[in-house]
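**Q** Chains as they are written, first to last, in our numbering: chain A, 159 to 512; chain B, 159 to 512; chain C, 159 to 512; chain D, 159 to 512.
#1: Which ranges would you report for the beta strand (DSSP E) in the stretch 371–444 of chain B if only whole runs of at least 3 residues count?
#2: Are the CB atoms of residue 403/D and residue 312/D nearer to each other than 8 Å?
#3: Between residue 258/B and residue 210/B, what straight-line distance do the alpha-carbon atoms span, to the nearest angstrom?
#4: Going residue by residue through the stretch 261–315 of chain A, where are the continuous beta strand (DSSP E) segments of at least 3 residues, counting only ones entirely within it?
#5: At what residues does the beta strand (DSSP E) containing residue 190/A begin and finish?
#6: What number of angstroms, rounded off, separates the C-alpha of residue 454/C from the C-alpha of residue 170/B?
#7: With distance defined between alpha-carbon atoms, name the residue in 408/C, 470/C, 354/C and 463/C nearest to residue 423/C.
#8: For the candidate residues 487/C, 173/C, 427/C and 460/C, whose alpha-carbon lies nearest to that of residue 281/C?
#9: Going along chain C, which residues have a C-beta under 8 Å from residue 342/A?
#10: Where in the stretch 313–342 of chain B do unbroken runs of the beta strand (DSSP E), each at least 3 residues long, occur, reported from the N-terminal end onward?
#11: What runs of the beta strand (DSSP E), each 3 residues or longer, lie entirely inside the stretch 202–260 of chain A?
#12: Could you tell me whether any Cβ in chain A is nearer than 8 Å to the Cβ of residue 351/C?
#13: Work out the CA separation of residue 226/C and residue 204/C for me, nearest whole Å.
#14: With a cut-off of 8 Å, does the C-beta of residue 357/D fall near any C-beta of chain C?
#15: Do you know how far the Cα of residue 491/D is from the Cα of residue 213/D?
#16: Looking at chain A, which residues of the stretch 431–456 of chain D have a Cβ within less than 7 Å of any of its Cβ atoms?
#17: CB residue 398/C to CB residue 319/C, shorter than 8 Å?
#18: Answer yes or no: does any C-beta atom of chain C fall closer than 8 Å to that of residue 209/A?
#19: Looking only at its own chain, which residues have a Cβ that is under 6 Å from the Cβ of residue 202/B, when we skip the five neighbours before and after it?
#20: Which term fits residue 217/D, buried or exposed, when burial requires 16 or more other beta carbons within 10 angstroms of its beta carbon?
#21: Among 372/D, 478/D and 237/D, which one has its Cα closest to the Cα of residue 511/D?
#22: Just mark residue 456/A as buried or exposed, buried being the case when its beta carbon has 16 or more other beta carbons within 10 Å.
#23: Are the C-beta of residue 313/D and some C-beta of chain B separated by less than 8 Å?
#24: Under the rule that 16 or more other beta-carbon atoms within 10 Å means buried, what is residue 340/A, buried or exposed?
#25: Between the stretch 345–358 of chain B and the stretch 172–182 of chain C, do three or more beta carbon pairs fall short of 8 Å?
#26: Is it the case that the Cβ atoms of residue 364/A and residue 305/A are separated by a distance below 8 Å?
#27: Whose C-alpha, out of 284/D, 252/D and 375/D, is nearest the C-alpha of residue 269/D?
#28: Could you say which of 342/B, 462/B, 450/B and 315/B lies nearest to residue 439/B if we only look at CA atoms?
#29: Taking Cβ positions only, does residue 389/A come closer than 8 Å to chain B?
#30: Give the residues of chain D in contact with residue 332/C, contact being defined as C-beta atoms less than 8 Å apart.
#31: How big is the Cα-Cα spacing for residue 505/C and residue 434/C?
#32: With 8 Å set as the bound, which would you pick, yes or no: does the beta-carbon of residue 260/B sit closer than that to a beta-carbon of chain A?
#33: Any idea which residues DSSP pairs residue 473/D with across the strands?
#34: CA-CA distance, residue 117/A and residue 239/A?
#35: Please indicate yes or no: does the CB of residue 396/B lie closer than 7 Å to some heavy atom of the ligand PLP?
#36: What first and last residue would you give for the alpha helix (DSSP H) that runs through residue 182/B?
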C-alpha cells in the first residue's frame, strides 16, 4: 500500500465523485487519501451521502469521513486530485491546486478550452498530453488534465477508429442523455418523467468544439483543431445512466457496412496497448442485433471487471443516402465521467509524468 | 343531423381508433354510424375498451356498442370508413371496402406505397388527391387515402414551409417517439421504463420514402418523388404522447434564423385557407424559449378547440456549420394519426369528392 | 366584472399557485387582481413561469405580470388572498395579511394546527367555519382558513360519507403520492425515476391528525378531535398528478359492499346543496371495473367543467377479514390543493362571511 | 463437476427462468443440464433471449441453446427441475415431471394450494418439507415444492422473526410491486408509465392465504393454517425490480421500536444455520435512515455475493396508535422468485431428500 500514489477525490458527495471512489477502491496504482467536498458535508460518513444507485462500496469506504477542501492539506498529502466538483467551483480550485504542485484530473468543464489544457480520451489523443508541459505550473509538478464532456466521450472513440481507418468529413449527432449527467439534485422530476427535454445548456457547442479539439493535434504550443465538422442536437431523456447517441457520418472512401463494423471492433488504442487497469480490452463493442445498443443492456459494457462501463457499444450500423448511420451507448458517469479521468491518470502514471 | 355524412370507425378499440372517435364527436360534417373492431370486442361498450388517457367522451359515446366489421353493412350505411386497424389486417379490409364504394381514410401503412394511393397531409400536398381518380374503384365511389406515418407527419408541414420559402437540399432527422405510436398493448414496460429503444421496425425507411413522396408531385398517372434527401434515425422513448424530432436541414439560399422562423410561423396551407373544421389556424407554432418545444407542454398545440393537437411546434431554431437546426414536437396519434385522416376527409368533402 | 370580489394569488409561479390561476379564470365570484410571488419573479410574464403540464390559460392570463408580495398593496386591493406559497414563508405572511383585514384561504400547512384556524373540506366540516370568528383578526375582517394536505383531502370525503352512513372505528391508509405534491423543483428525478420513496416528511403525522381534526367538531372556542383512529403510511411514486390511496376501514355495523358503494355514490355535502361553482355534482365517483381507479384515467374526475379534478374516485370496494378495502384516486393539486381553498372561499361567499 | 446434481431450468427465456440461470452459474451443488422453453424458442441461443437488465452471464452460458420441454429427456437426465414457466402451463407439466421422479422446485402458483405441496421460505417453515413425503409421487423420488409469491416472500421472513419474538395478531400490508413481477411482455407500457395500477389479479387473496399457510404447521397429513389475519392491498408501480411493502402490524406484548428492530436484525433461520450457498448471512437488514428502504438502493441487499438480492430490507420502524409500522423492500425475482426455489433445493440437498 505504501508505494501507491495518494489521491484526493474532490466533490466526493456528488454523482461523479462517487464514481471516482467506486473506481479507485483497490486500485493498483492509486490510494484514496481523502474524500473532499463542501463544508456542508464535512464530517459526514461517505455512506450517508450516496447518490449512485448500483453502488457496492466496501464497508471501510462507506465509513470514510468527508473532509472539507483544504487545498494546502491536499497538496501536502496527495500527488493527484480527481475532481468531480461543479464547473463554477472547479475553475479556481483546480488552478490553485495545480499551482501547489498537484496533478489535477478533472471532469469539470471549466478549463477544457484553456490554452495548454488538454481534453484527453486516451484511446484518441494521448499525444496531446504534451500540452501539460506548457502549463505554467508544470515546472513544480502541478497541471490540469480534463476529460471530455460525457456526450463527446461516448462517440469520440468510435470516431477516432473511423478516422484512422477511412477518414471522416462530417458528423451529425443527436443525443438521448441520461439524467445522471446533470448531477444531483439536477433535473427536477416534474421536468423529465414522461418527457424529453430538448435542451442542455451549452452541450451542443461543447460537442462541436471538444471533438474537433480532441481529434486535432498539439504542436508549437497550441492546439490545432481537426476540420471534421460536427453538428449536434442534444436532449435529456428519462434514463438514469447511459447516453444513447444517433450518428450520421460522412466518411471518406466508400467502405462497406462490414468494413465499418470491423474497423470499430478491431480498434485498440494506447490504453489497450499499455494494459492500463481501467482500460476495456475492447474499447468499442459492435453488436449485430437489430435492436441494440440499449442503455439498459449496454451501459456497463467493458471487460475486465475494473473496466465495467468503460466501453462504447455501437450497433445498427447501416448506410443510407451515402451516409453511415449507427447508434452508440456509453456510460456517462463512468466512461464519460470519473472513468475518463482515472484512465488519464493511469496513462500519466505509465508515461512517467506523475 | 340527417345531412351529415355517415362514417364508420374501424379499429375503434385501439389507440388510433379512439382518437378518431374523439375528433368525430359533434363533427360538423360527419356522423359516427358505428364503431367497428374485431369479433373479440363485439358487443362491448366503447367505454369499457378505453386506452387513451386524456379522454373526455360524452356519455352517449361511452355507451355505444362495438360491432364486428361487417363490410357489407358498412358499405351500405357509410360513405366513409376511418381506419385505425393494424397494418396487417388493414390491407385487404380497406381494399374490399373501396371495392364496395366506400371512401377509406386510413392511418394504416399497408397502402401508402400503392401506385395510385396518395399519402396526404393537406397543408402539403392536396394536389396529390388527383391520384385517387386513377384508382380502379373510384368510378364506383370507392377509394383509399392514407395519412403519413406519425413521425413523418410531424415534420413534413415545417419542411413544406421551408421548401416553399427557400428550398431544401437535405434533411437529417432523429426521432424521440412516444409509446402510444406502437398501439396497445404495444411496447412492454420492461423494454422502455428508464430506457431508449433505438429501433422501430421499418420506421426509418418509411420516413425517408414517405416524405419524398409527399413533397413530390402526381401526374400522368404516377407519383414523382421529390429529390430531397432524408436521412432518419428513429428511437422510442418513455413518453406517452408526442413525438419529438431533432432536425438538421441543408437549405437553399442562406436565410437568417429569423427568416426561417418567420417562414414557419407565417405558413398556411389549404386547410387553413378552406377553414376546415379540424385545421389549426396556425399549423406551425414557433417558440422562442430556450427549452421548448417539449412534449409535456406542446403536444396539444393547435387552436381552435377542434384542432387541439393538430399543430406542430418548432423551437430552438439555430444555425451551425451552415446547417439549420431545430426541434419539432407534434401529437403522434392526433396530428400524426386520426387527425390526419379526418383532415383529409374534410378536404375531400370540401373538394366535392365525397 | 365590477361586482366580483378581487383576489390575490400568492405564490403564482408555483405548482399550487398555477392551479389557483387556472380555477380562477372567469370565476363567477372572484376576479384575479394580481399574481404575486417572490422578488425573483417580479416583472416576469406568468406565461414564462409555467410548471403545470396540462395548462390551457387564456392569452391575457399568460401575459399577466408577476408582482412581488407587497402586503399593504394586497390588503388595499383584495378581499381575499389565495396562498400557494411554501409553508416556511406562509406562516408569517398569512398572519400579517389577516391582521390587515384580508381573508386568507391557504394551501400551506403552517397554520393548520392553530387554535382557531380550521382545516376545511366543505363536503365534510363547514360547521368548523365558526372557528374563524374566534380569530383575533376577524373583527377587522381578516382570517385564515386552510385546506387539508393533499393526501388527507383525497380520502376525507369518502370517510365522511361512511361515517355518516355507518360510523367508522379506524382507518389504515397507504398512499401512492404524485410528485407534483412536492412542488417545483421538488423531487429530484434521480430519486424517483424507477423508484418508490417511502418517506414524505411529516406526511403520516399530518394525515393522522388532520383527519381527526376535520371529522371532529368546533365548540366553546376549541376543536374537539374525532376519536377515529387513522394509521398512515406515505410514499411517493413516479406519477405526475393524482394521489392513489389504499384504504382498510373498520366500520360500525356490518354493511354489505353494495351498501358501502351506495353510501359513497349517493353522498352530497354542503357544496353540492349550495351549488358552489367549483363543487363536483357528485363528489365521490364509484367505479365497478376491477382495475379502477387509476390516476391516468381518474385524476380529472368531476363535472361540470369547472369542477374538473374535484371529485374523488373510489373503486375495488371489497370486504376481507371483517374490514372494508377500497382504493381512492384524487387530484392532489386541484382537489387536494388550490381547488380546496377555492371551494372554501366559495362557501364563505355564500355564507356571507366575506 | 461430475458430482454435482444435474438440473433443468424450465422457462429459461422468461424473467424468472433467467434469474434461475444467473443463480445457478457455478453453483456448488447444481449443474445446469439444459435450458428449456416453449417450442418457439427451440434452438435459439440463450444470449438472444435476454430479458433481465442487469445480467452478467458467462459467455458459455450465453451460448447455450434452448431446448423444447421434452419431459422424458429431462426426467432421464436431471434430478431437479427449476420451473419458471407461466402458471397455466406449469400445473400439468410439473405434475408430469413429479410422476417421472423429478424433484420440482417451482415459482409457479399452480400447485401452491395443493393438499401436500408446501410453500417453502426456508427461513420460515422448512418443517413443512414433511408434506412432500405425503405426495403420491414421492415414493419414486418425484415431488413438488413451491416458493411463495413474490409479495408474500418479501415480508414473511420479517413476520416470522416478529412472530417468534413477540407473536403477531394481524397484518395490514399495501404493496408497491415492480413490473418484472408480471413477466415479459407483461405490463404494457401505456398502462404503467406515470401511473399506479391498483390491481394485480388474485394477488391480495394469494398474500392473505399463502402467509397463513407458511406461518402454520403440517401434521397428520395436512396443513394447519396460522390464525394470523393478513389484510392486503396490492398495486403495481413503475419500478423495474424490487417490491416495496408498507406494513402495519398488531403485535402481542408491547415491545419497543428498538426491540422490534433488534428482533428483525438478529433473526437467523435454517438456511443461515446450515450455511446454504444462496442464503444471506443476515436475512433481514434493518436500516435506520429516515428515507430507507428504497428499491433503487436496497433491491440487491444480501451478502455474500451468491446471496445478492436474497435479503429483505426493513426500515422506518415506528409505532402509531398501538400498531407497529415499517416498510420492506425485497427483490421480487431473486428472493421472491428464482432465488426462493434455489434456496429450497439447497435445503433439500442438505436435508438429504434429493
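Where a beta carbon is used, it is the ideal one built from N, C-alpha and C, also for glycine.
**A** Looking at the atomic coordinates:
#1: DSSP runs (the beta strand (DSSP E)) wholly in the stretch 371–444 of chain B: 375–377, 380–382, 387–394 and 401–409.
#2: Cβ distance < 8 Å, so residue 403/D and residue 312/D count as in contact.
#3: Approximately 31 Å, taken between the alpha carbons.
#4: With a minimum length of 3 residues, the continuous beta strand (DSSP E) runs that stay inside the stretch 261–315 of chain A are 261–264 and 301–304.
#5: Bounds of the beta strand (DSSP E) holding residue 190/A are 188–195.
#6: Cα-Cα distance, rounded: 20 Å.
#7: Nearest option by C-alpha distance: 470/C.
#8: The shortest Cα separation from residue 281/C among 487/C, 173/C, 427/C and 460/C belongs to 427/C.
#9: Going along chain C in sequence order, the residues near residue 342/A (Cβ under 8 Å) are 346 and 348.
#10: If we require 3 residues or more, the beta strand (DSSP E) runs fully inside the stretch 313–342 of chain B come out as 326–335.
#11: As far as the stretch 202–260 of chain A is concerned, its whole beta strand (DSSP E) runs of at least 3 residues are 224–226 and 238–241.
#12: Chain A, which has a Cβ nearer than 8 Å to the Cβ of residue 351/C, makes this yes.
#13: Residue 204/C and residue 226/C: Cα-Cα distance of roughly 13 Å.
#14: The beta carbon of residue 357/D falls within 8 Å of a beta carbon belonging to chain C, placing the residue at that interface.
#15: Straight-line Cα distance between these residues: approximately 13 Å.
#16: Here the close residues are 454 and 455.
#17: The answer is no: Cβ separation not under 8 Å.
#18: For residue 209/A, at least one C-beta of chain C is nearer than 8 Å to its own C-beta.
#19: Take residue 202/B, set aside five residues on each side of it, and the residues of its chain with a beta-carbon closer than 6 Å to its own are 224, in chain order.
#20: So residue 217/D ends up on the exposed side.
#21: With distances taken between Cα atoms, residue 511/D lies closest to 237/D.
#22: Residue burial is scored here from C-beta neighbours: residue 456/A has at least 16 other C-beta atoms within 10 angstroms and is therefore classed as buried.
#23: So, not an interface residue.
#24: Under this definition residue 340/A is a buried residue.
#25: Contact fails: fewer than three Cβ-Cβ distances are below 8 Å.
#26: No.
#27: It is 252/D.
#28: Scanning 342/B, 462/B, 450/B and 315/B for the CA closest to the CA of residue 439/B turns up 462/B.
#29: At least one C-beta of chain B is nearer than 8 Å to the C-beta of residue 389/A.
#30: Near residue 332/C (Cβ distances below 8 Å), the residues of chain D are 332, 391 and 404.
#31: Whole-angstrom Cα-Cα distance: 7 Å.
#32: It does not; no Cβ of chain A falls within 8 Å.
#33: Answer is 485/D, bridged to residue 473/D.
#34: Not covered by the structure: residue 117/A. The range shown for chain A is 159 to 512.
#35: Among the ligands in the structure shown, none appear at all, so the ligand PLP cannot be discussed.
#36: For residue 182/B, the uninterrupted alpha helix (DSSP H) segment begins and ends at 173–182.
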